[in-house]
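Counting with the numbering used here, you get residues 681 to 765 for the letters of the sequence shown.
In this text, a Cβ means the ideal position worked out from N, Cα and C, and glycines have one as well.
Note that the structure is predicted; figures quoted are calculated from it, not measured.
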Amino acid sequence: MPRRGDPDDDWDDDEDDVFDVDDPDDDDTIPCPHCGRSIFDESERCPHCGRYLSLEDAPPRRRPWWWIIGFFAALYVVLRWAFWI
């Protein structure tokens, strides 16, 4: 059976626990180093410009397809020259 609360308990009267958005002491934001807009301090990536804040947080970059083909073409030329009889 549900229990009824005490009518003297009014949970809405707790003024001390109210979160104040305009309090400058609780400012957990920093400016983005790329676009300058305000972002949270613990962010890995800026939600406004989409860039990562540090190189450690950024995913590794993929090599372009032409770089990979060029590497294997150069390797083929070197091996062909080395084993040319």
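Query	Result
How would you call residue 755, buried or exposed, if buried means at least 16 neighbouring beta carbons within 10 angstroms?	exposed
Can you tell me whether residue 719 is buried or exposed? The criterion is at least 16 other CB atoms within 10 Å of its CB, across all chains shown.	buried
Suppose the cutoff is 7 Å on Cβ atoms and the five residues either side in sequence are ignored; what does the same chain contact list for residue 724 look like?	732, 733, 737
Once DSSP output is grouped into helix, strand and coil, what is the label at residue 725?	strand
Starting from residue 763, trace the beta strand (DSSP E) both ways and give me its first and last residue.	No beta strand (DSSP E) contains residue 763, which DSSP labels as neither H nor E.
Over the uninterrupted beta strand (DSSP E) stretch that includes residue 718, give me the two end residues.	718-720
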